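> Shown below is the structure under consideration.
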Amino acid sequence: MTSAASQPERGRGAVVSVVPLVPVWRVDRRFDYVLPPKLQEVVKVGSLVRVPFGNRRIRAVVASLRHAPRDDLEEVVALVAGAPVAPGPLIELFEWLAQRYVVPLGRAFGRAVPPRVRMKVASPEALDIGSAEGRSRLADYSGGADLVRALQNEPSTWSVRTLGGEDHGALIVEMIDAALRDGGQALVAVPEVRWGSATLEGLSARWPQTARVDSAQADNERAHAWLRIGAGAPLGAGGRSVVLAPAERLRLIVIDDEHHPSYKEDRSPRYDARRVALERARIQGASCVFVSPTPSVEAGAAAHSGVYRAVIPDRADERSSRPIVETVAPPTDRVFSHALHERMRDTLAGGERVALLVPARGYARALWCATCRRSVRCPACESGLFYDRIEETVRCSHCGFGAPAPDTCPHCGAREFRYVGAGTERLSEQLRKSFPGARVGRMDPDVIGDIDQHPGDVDIYVTTWIGTKPELRPSVRLVGVLDADSLLRRPDFRAAENTYQALAAMAAWAGPAGEGGRLVIQTAEPGHYAVQAVVRADYGFWLQRELEERRELGYPPFAELIKATGYGPRRQGLVERAAGVARATGARVLGPVEVVSVVGEGELEEGLEILIKADEAEPVARALRGILASAPAGSRLRVDVDPR
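Residue numbers (our numbering): 73 to 716.
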């Protein structure tokens, strides 16, 4: 097939098939060009080149190269970047990405290209593996020795359940030592780079030449790190996008804190970095290791069934690392139960610090109308909106919607509101009154800079779930969870999983019982298995119960999920077609339901949504491609595979 140019030039040389970086369906294929003699020695599969396309010159990725001179094709104009952005094995990966996540090829291959790439990049330094300092932490884990041996000569997939703390980062360093002793490359992904990562800092300290890929970096700095990996840098590390970095000699992919939801991309292509890591490891014959103190249901089930190989801590070590855990009934007329208040008073009097987990940011968890007694809800997802008194706004923690705080009730027009439930902002005020000598510090995304303050500056930390990240953990002896039930009762099939993971993380904050660590959970459901698993320090108990629930309801890992949402005046027809082709593959379809989505800066758009449950996502994804490619003007279908 010729390129899109109307007046092709004649030329001689090898023929390359390229994927134009044009993210539209009508260009969803490869195009052929002649590679002129001056470029034949430097252009490779995966190179980023510039080609004529219609009346423009655009960037494209070389997907294949064959020596079959043609004189009816246009010539490649230039090589844009010296190191390949998608080395040979990655061509298959990006084509798979386009198919699974239902996007045009140009959209998928666009993820191979960092912003503002430059031609030259220095040759990478060799990684000085040497020998890890101190004793082996992996040797203390069941299966740890097997993992070390396998990483050296046997590609496989592993789930490593850690004890958290210092052990966590040390285990990852050992894995890299083992995998790269005889050469090769490794990629390490961490969640939420913008809040800092103990893992990244540890890797950079151990190996200063680590190529760090961070969305917060300047474009040229990020591009340089990306191309260093393409040029052979042994170690690349960063956020979820690092799983797409151009490492041709890949031996190991590590997904740190595998359970974290931020591994799911919310922009097209909406890939899940964990699923991409698995596919990439398969294509390149590398090992993939998922590391977490609380592995996701999917990873835990795969390890339990033998699909993944497992590394787990010694049971005695696990129990000895946990705090004393108490469950107390939540108070009806105040924030703290008597038990929690007394524990806080005694802890502070002893010169120790306290951390409190609050369900919501802002001043109040919800605004309630004093007249009709209805709450102000998010117009996009129907979740409750938290109120930020400083900014005079209401915001949704679930979908990101934000707006100025209303002057009148949207239901009845009344002007008087009640502030229900304490957010981090309001609780901080109350703590300063209840414990006037205590220094209170917030740890939530609104004041993320405060996280870096010195531990000696704070006596009581107030945090939301984001503060449960291990690397943000301050030195405390008492942790209080003010409302565990708000996590359990979220309308999400992952609610129990998220609750268990948050509570287990807060238990790790408190530290071992032998050192005075204590966790107090205010809950009306102390017998719920997610709570009991934390009380008993028993991940296996929680996993078994959660799998029973998921199997009965048909949720992952017993099905794969796809959301299809239609927008525009002809959305109903689009959604009906999507439901029809999904059912034809044998999938179950739930819905449709009307939804409102946030687009742009707080703008809302009405849509119609279905949820598809399939044994395998790929057949449904293939069936949906035709609908997206032929959507009528003014309407569109958005497909989200592996939604979170």
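In this text, a Cβ means the ideal position worked out from N, Cα and C, and glycines have one as well.
None of the values given here were measured: they were computed from a predicted structure.
For Leu93 and Gly178, what's the separation of their Cα atoms in angstroms?
Along the sequence shown, read from residue 1 onward, the residue named residue 93 stands at position 21. Along the sequence shown, read from residue 1 onward, the residue named residue 178 stands at position 106. Answer to the nearest angstrom: the Cα atoms are 4 Å apart.
> Could you check how far apart the C-beta atoms of Leu243 and Arg209 are, in whole angstroms? I think they sit under 8 Å.
Here residue 243 is taken as the residue at index 171 of the sequence shown, counted from 1. Here residue 209 is taken as the residue at index 137 of the sequence shown, counted from 1. Yes, Leu243 and Arg209 are in contact; Cβ-Cβ is about 5 Å, under 8 Å.
> Is the beta carbon of Arg697 less than 7 Å from the beta carbon of Val363?
Reading the sequence shown from its first residue, position 625 is the one you call residue 697. Reading the sequence shown from its first residue, position 291 is the one you call residue 363. No.
> When we look at the beta-carbon of Gln644 and count the other beta-carbons within 10 Å, is it buried (16 or more) or exposed?
Position 572 of the sequence shown, counted from the start, is the residue given in the question as residue 644. So Gln644 counts as exposed.
> Tell me whether Asp386 sits in a helix, a strand or coil according to DSSP, three-state version.
Here residue 386 is taken as the residue at index 314 of the sequence shown, counted from 1. Asp386: coil per DSSP, three-state reduction.
> Based on the DSSP output, what are the partners of Gly230 in its beta bridges?
Stepping through the sequence shown from its first residue, residue 230 is reached at position 158. First, the residue type needs correcting, since residue 230 is Trp and not Gly in the sequence shown. Answer is Val361, Arg381.
> I'd like the list of long-range same chain contacts for Ala371, defined as Cβ closer than 6 Å, with 5 residues on each side in sequence excluded.
Here residue 371 is taken as the residue at index 299 of the sequence shown, counted from 1. Excluding sequence neighbours, Ala371 sits near Ser231, Glu330, Phe362.
> Distance, Cα to Cα, Asp522 vs Gly474?
Your numbering for residue 522 matches position 450 in the sequence shown. Your numbering for residue 474 matches position 402 in the sequence shown. Annotation note: pLDDT 45 at Asp522 (below 50); position unreliable, coordinate value reported separately. Their Cα atoms are separated by approximately 23 Å.
> Rounded to whole angstroms, how far is the Cβ of Arg61 from the Cβ of Thr229, which I believe are closer than 8 Å?
Any question about residue 61 goes unanswered here, given that the chain covers just 73 to 716.
> Let me confirm a value: Ser377 is counted as buried when at least 16 other C-beta atoms fall within 10 Å, else exposed. Which label applies?
Here residue 377 refers to the residue found at position 305 of the sequence shown. Answer is exposed; the Cβ neighbour count stays below 16.
> For the alpha helix (DSSP H) containing Gly698, name the first residue and the last one.
As a working mapping, residue 698 is identified with position 626 in the sequence shown. Element bounds for Gly698: 689-701.
> Taking the alpha helix (DSSP H) that Ser558 belongs to, which residues open and close that run?
For the purposes of this step, residue 558 is taken as residue 486 along the sequence shown, with counting starting at 1. Counting along the chain, the alpha helix (DSSP H) containing Ser558 begins and ends at 556-560.
> What does the Cβ neighbour count give for Ala442, buried or exposed, with the cut at 16 atoms within 10 Å?
Here residue 442 is taken as the residue at index 370 of the sequence shown, counted from 1. So Ala442 counts as exposed.
> What residues in its chain sit with their C-beta under 7 Å from that of Pro482, if we drop five residues either side in the sequence?
In the sequence shown, residue 482 corresponds to position 410, counting from 1. Residues of the same chain with a CB within less than 7 Å of the CB of Pro482, apart from the 5 flanking positions on each side, are Val448 in chain order.
> Using three-state DSSP, classify Lys505 as helix, strand or coil.
The count along the sequence shown starts at 1 and reaches residue 505 at position 433. Here Lys505 sits in helix by DSSP.
> Which residues share a DSSP beta bridge with Cys441?
Taking the sequence shown and counting its residues from 1, one reaches residue 441 at position 369. Looking at the DSSP assignment, Cys441 forms a beta bridge with Phe489.
> Taking the alpha carbon of Ser287 as the point to measure from, which residue in Gly586, Gly310, Leu700 has its own alpha carbon closest?
Within the sequence shown, numbered from 1, the residue matching residue 287 stands at position 215. Of Gly586, Gly310, Leu700, the residue nearest in Cα terms is Gly310.
> Looking only at DSSP bridge pairs, what is Val668 linked to?
Numbered from its first residue, the sequence shown carries residue 668 at position 596. Answer by DSSP bridge pairing, in chain order: Glu678.
> What residues match up with Val260 in a beta bridge as DSSP calls it?
Numbered from 1 along the sequence shown, position 188 holds the residue referred to as residue 260. Val260 pairs with Ala309, Val326.
> Please check the pair Glu264 and Ser334, which I expect to be a contact at CB under 8 Å, by giving their CB distance rounded to whole angstroms.
Within the sequence shown, numbered from 1, the residue matching residue 264 stands at position 192. Within the sequence shown, numbered from 1, the residue matching residue 334 stands at position 262. The Cβ separation is near 5 Å, so the contact holds.
> Would Asp328 and Val245 be called neighbours here (beta carbons separated by less than 7 Å)?
The count along the sequence shown starts at 1 and reaches residue 328 at position 256. The count along the sequence shown starts at 1 and reaches residue 245 at position 173. Contact flag unset, no.
> Might you give, ordered along the chain, the residues of its own chain that have their beta carbon closer than 7 Å to the beta carbon of Trp168, omitting 5 neighbours on each side?
Locating residue 168 in the sequence shown gives position 96, where the first residue counts as 1. Answer for Trp168: Glu351, listed in chain order.
> On a CA-only basis, which of Val90, Arg129, Thr571, Gly241 is nearest Glu597? Give me that one, please.
Here the question's residue 597 lines up with position 525 in the sequence shown. The residue with the shortest Cα to Cα distance from Glu597 is Thr571.
> State the beta-bridge partners of Ser368 as determined by DSSP.
In the sequence shown, counting from the first residue as 1, residue 368 sits at position 296. BP columns for Ser368 are empty, so no partner.
> Per DSSP, what kind of secondary structure is Pro563 in: helix, strand or coil?
Residue numbering aside, residue 563 sits at position 491 when the sequence shown is read from its first letter. Coil, per DSSP.
> Closest to Tyr533 by CA distance: which of Val400, Gly638, Val430 is it?
Against the sequence shown, residue 533 aligns to sequence position 461. The residue with the shortest Cα to Cα distance from Tyr533 is Val430.
> Using three-state DSSP, classify Ser707 as helix, strand or coil.
Position 635 of the sequence shown, counted from the first residue, corresponds to residue 707. If DSSP states are grouped into helix, strand and coil, Ser707 belongs with coil.
> Can you pull the DSSP bridge partners for Tyr572?
Residue mapping note: residue 572 aligns to position 500 of the sequence shown, counting from 1. Residue pairing by DSSP places Tyr572 opposite no residue, since no beta bridge is assigned to it.
> By the 10 Å Cβ neighbour count, where 16 or more other Cβ atoms means buried, how is Val665 classified, buried or exposed?
Walking along the sequence shown from the start, residue 665 turns up at place 593. Its Cβ having fewer than 16 others within 10 Å, Val665 is exposed.
> Give the DSSP-derived three-state secondary structure of Gln616 in the structure shown.
Taking the sequence shown and counting its residues from 1, one reaches residue 616 at position 544. In the three-state DSSP reduction, Gln616 falls in the helix class (H, G or I).
> Measuring CB to CB, does Ile396 end up less than 7 Å from Arg590?
The count along the sequence shown starts at 1 and reaches residue 396 at position 324. The count along the sequence shown starts at 1 and reaches residue 590 at position 518. Yes. Within cutoff.
> Spatial neighbours of Asp529 within its chain, please: CB distance less than 8 Å, with the 5 preceding and 5 following residues excluded, ordered by chain position.
Here residue 529 refers to the residue found at position 457 of the sequence shown. The residues are Arg511, Gly513.
> From Cys360 to Gly308, what distance separates their C-alpha atoms?
Here the question's residue 360 lines up with position 288 in the sequence shown. Here the question's residue 308 lines up with position 236 in the sequence shown. Rounded to the nearest angstrom, the two C-alpha atoms are 14 Å apart.
> If you check the beta carbons only, do Val326 and Ala345 fall under 7 Å apart?
Working through the sequence shown from its first residue, we reach residue 326 at position 254. Working through the sequence shown from its first residue, we reach residue 345 at position 273. For Val326 and Ala345, no; Cβs fall outside 7 Å.
> Can the beta-carbon of Phe181 be found less than 7 Å from the beta-carbon of Val91?
What you label residue 181 is simply residue 109 of the sequence shown in a count that begins at 1. What you label residue 91 is simply residue 19 of the sequence shown in a count that begins at 1. Yes, these two residues count as a Cβ contact at 7 Å.
> If you measure between the beta carbons of Pro365 and Gly485, is that distance less than 7 Å?
One-based indexing of the sequence shown puts residue 365 at position 293. One-based indexing of the sequence shown puts residue 485 at position 413. It is not a contact, given that the beta carbons lie outside the stated cut-off.
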